[in-house]
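K.L.:
What follows is a single structure, and I will ask about it in a moment.
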Amino acid sequence: MNNYDDLFNNNDKIDKSKDKNKNTPFDKDAWVEKKRQERAEAYELLDEATAEIVSDGERFRDYLNTQAQFDRYSVSNALLIAFQRPGATKVADFGTWKDDDVSVNKGEKAITILEPGNEYTREDGSTGFSVNVKKVFDISQTNSDANVKRRTLDARAAIKALIASAPCAVVLVEKLDNCNARYSPDKNEIYIVKGLEANEIFRALSYEICIARAAQKDIDRKDGAFGSYCASYILCERNGFDTGDFNFDRVPERFADVDNKDVRKELGEIRDMANEISQEMNRQFEAMDKNKRSRDDGAR
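Quick note: the sequence shown uses our numbering, first residue 49, plus one each step.
Written out as structure tokens, the structure is:
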């Protein structure tokens, strides 16, 4: 007969460390302080990211690429991602990756971002939202072998959608002086030269559409030039057009004496302009797809 008495002799060696926290009362003050410290560190990181991104033209390009990829992300989170993981294409927290049967690679450093928390009432009666720190990982930090597909569009469809997003008429002309396209505030029309290649059309037209939209807000060409240039870059990058000849070497000079908050405010205006045009374009894409499906159904 087997004797199991020896099992009870080592009972005191069982590791009960996992049960230690069960009887430990929740310390709300310590939890609040921990969260406060996490937010403080995240905001310090955001200021560091903002300062670095605008101190170098190529780092600024990294930010624009990130904002183009993560169109629904705030400027702050796009800055944080570009600063910590330039080239990121898809991020999620540890639990979300796990739910998708994807594992984060051992030793990978998480990307810090910010997410809105619960609504609360300030002392003056206004409504605010708390901010939580979130740790995420890019798909390149996981064991996933899936590639994040960049949207590939038919150039003709993309240009057609872009034209539809213009706030004014777009008119073909034989030639223009020293440019491929030009917005006329006097006639509220955008002129574009005939016979251009797709990349030339999209780049020139997206810039002038931004200029035209800025004019609607009483921002003249000179004051709206930089924002329009950056928004045009985001639109080109987002829609698969070449951005190699965009130049951001003068970005450090432009933001040399600008406060970090004001930098983010301007970047927010650029993001909003690019997203407004993208939304208009997406409505056109949806209409095109609907028409195509209707034609296909009719042909059956």
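Even glycine gets a Cβ: it sits at the ideal position worked out from N, Cα and C.
Would you say the region 137 to 150 touches the region 182 to 189, given that touching needs at least three Cβ pairs under 8 Å?
P.N.:
In the pairwise beta carbon analysis, the region 137 to 150 is classified as touching the region 182 to 189: at least three pairs are separated by under 8 Å.
K.L.:
When DSSP labels each residue in this structure, what does D186 get in the three-state scheme?
P.N.:
In the sequence shown, the residue the question calls residue 186 occupies position 138. It is a strand residue.
K.L.:
E237 lies in the beta strand (DSSP E); which residues open and close that run?
P.N.:
Sequence index remark: in the sequence shown, residue 237 carries index 189 (1-based). E237 -> beta strand (DSSP E) spans E237 to V241.
K.L.:
Should the region 271 to 285 be regarded as contacting the region 246 to 256, the criterion being three or more beta carbon pairs within less than 8 Å?
P.N.:
Per the Cβ contact rule, the region 271 to 285 is in contact with the region 246 to 256 (3 or more Cβ pairs under 8 Å).
K.L.:
Apart from the five residues on each side of it in sequence, which residues of its chain come closer than 8 Å, Cβ to Cβ, to I259?
P.N.:
Position 211 of the sequence shown, counted from the first residue, corresponds to residue 259. If we look at I259 and ignore the five residues flanking it on each side, its Cβ neighbours are Y231, R269, G272, A273 and S276.
K.L.:
Please report the straight-line C-alpha distance between E112 and N228, rounded to a whole angstrom.
P.N.:
Looking up residue 112 in the sequence shown gives position 64. Looking up residue 228 in the sequence shown gives position 180. One point to set straight first is that residue 112 is Leu, not Glu, in the sequence displayed. When rounded, the distance between both Cα atoms is 24 Å.
K.L.:
Where does S178 sit, in a helix, a strand or coil, going by DSSP?
P.N.:
Taking the sequence shown and counting its residues from 1, one reaches residue 178 at position 130. Of the three classes helix, strand and coil, the one that applies to S178 here is strand, per DSSP.
K.L.:
Ordered along the chain, which non-local residues of its own chain (more than five positions away) have a Cβ less than 8 Å from that of R170?
P.N.:
To locate residue 170, count along the sequence shown from 1; it is residue 122. Closer than 8 Å at Cβ, skipping near neighbours: G176.
K.L.:
Do you know how far the Cα of A136 is from the Cα of A97?
P.N.:
By 1-based counting over the sequence shown, the position of residue 97 is 49. By 1-based counting over the sequence shown, the position of residue 136 is 88. In a straight line, the C-alpha of A97 is about 15 Å away from that of A136.
K.L.:
Can the beta-carbon of M336 be found less than 8 Å from the beta-carbon of A205?
P.N.:
In the sequence shown, residue 336 corresponds to position 288, counting from 1. In the sequence shown, residue 205 corresponds to position 157, counting from 1. Contact: yes.
K.L.:
Specify, as a first and last residue, the run of the alpha helix (DSSP H) that E163 falls within.
P.N.:
Residue numbering aside, residue 163 sits at position 115 when the sequence shown is read from its first letter. Not the alpha helix (DSSP H): E163 falls in the beta strand (DSSP E), residues I159 to T169.
K.L.:
If we call anything under 8 Å between Cβ atoms a contact, is L162 one with V179?
P.N.:
Residue mapping note: residue 162 aligns to position 114 of the sequence shown, counting from 1. Residue mapping note: residue 179 aligns to position 131 of the sequence shown, counting from 1. Yes; because the gap between Cβ atoms is below 8 Å, this pair is in contact.
K.L.:
Looking only at its chain, what residues have a beta carbon closer than 7 Å to the beta carbon of D149, apart from the 5 residues adjacent to it on each side?
P.N.:
Translated into positions along the sequence shown, residue 149 becomes position 101. Here D149 has no same chain residue with a Cβ atom under 7 Å from its own Cβ, once five neighbours each way along the sequence are excluded.
K.L.:
Hey, quick one: how far does the beta strand (DSSP E) through S232 stretch, first residue to last?
P.N.:
Counting from 1 along the sequence shown, the entry for residue 232 is found at position 184. A229 to S232 is the extent of the beta strand (DSSP E) around S232.
K.L.:
Taking the DSSP output, what are the residues bridged to A140?
P.N.:
By 1-based counting over the sequence shown, the position of residue 140 is 92. Beta-bridge pairing links A140 to F185.
K.L.:
Thinking just about the alpha-carbon of each residue, which of L315, D290 and G292 is nearest to the one in R302?
P.N.:
Here residue 302 is taken as the residue at index 254 of the sequence shown, counted from 1. Nearest of L315, D290 and G292 to R302, Cα basis: L315.
K.L.:
For the alpha helix (DSSP H) containing V80, name the first residue and the last one.
P.N.:
Taking the sequence shown and counting its residues from 1, the one referred to as residue 80 is at position 32. Per DSSP, V80 belongs to the alpha helix (DSSP H) from K76 to I101.
K.L.:
Please report how far the alpha carbon of E237 lies from the alpha carbon of A263, in whole angstroms.
P.N.:
Within the sequence shown, the letter at position 189 stands for residue 237. Within the sequence shown, the letter at position 215 stands for residue 263. Approximately 12 Å, taken between the alpha carbons.
K.L.:
In terms of residue numbering, what span does the alpha helix (DSSP H) encompassing L283 cover?
P.N.:
The residue labelled residue 283 in the question sits at position 235 within the sequence shown. Unbroken alpha helix (DSSP H) run through L283: R269 to R286.
K.L.:
Would DSSP call A194 helix, strand or coil?
P.N.:
The residue labelled residue 194 in the question sits at position 146 within the sequence shown. In this structure, A194 counts as coil in the three-state DSSP scheme.
K.L.:
Look up V219 in the DSSP assignment and say whether it is helix, strand or coil.
P.N.:
Against the sequence shown, residue 219 aligns to sequence position 171. Here V219 sits in strand by DSSP.
K.L.:
Assuming A116 contacts E285 under a Cβ cut-off of 8 Å, what Cβ separation, rounded to an integer in Å, is found between them?
P.N.:
One-based indexing of the sequence shown puts residue 116 at position 68. One-based indexing of the sequence shown puts residue 285 at position 237. The Cβ separation is near 4 Å, so the contact holds.
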